[in-house]
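Asks: Here you go, one structure.
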Amino acid sequence: MMPGGLSEAKPATPEVQHIVNQVKLQFESRVNRTYGIFKAIVYKTQVVAGINYFIKVCIYYRSNLSFVVKQYR
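All residue numbers for the sequence shown refer to full-length UniProt numbering, where the first residue is 1 and numbers rise by one.
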């Protein structure tokens, strides 16, 4: 992977699902909606000043959304 470039898409791991669970309430408050299903499907990472996670999340049985989570370590 090139510095600053995106990794290949990978199936979501328990660690990625944990990140999604951590941001779920913040996301729901921003869109003023609650979701019963909020499951990470696939993700890519980008190493910059920390790690950016580009995560595709299932929010309904047939509907997905994608968002970026920036995590500094």
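For every residue, glycine included, the Cβ atom is placed at its ideal position computed from N, Cα and C.
Being a predicted model, the structure only gives us computed values, none of them experimental.
Please determine, among Ser66, Leu65, Ile51 and Val42, the residue with the shortest C-alpha to C-alpha distance to Thr13.
Replies: Val42
Asks: Between the C-alpha atoms of Lys39 and Ser29, what's the straight-line distance to the nearest angstrom?
Replies: 17 Å
Asks: Can you list, in chain order, the stretches of the alpha helix (DSSP H) that have 4 or more residues and sit fully within the UniProt domain "Cystatin" (4-59)?
Replies: 14-31
Asks: Between Ser63 and Lys56, is the Cβ-Cβ spacing less than 8 Å?
Replies: no
Asks: If you draw a straight line from the alpha carbon of Phe27 to that of Lys44, how long is it in whole angstroms?
Replies: 19 Å
Asks: Val69 and Val31: beta carbons closer than 8 Å?
Replies: no
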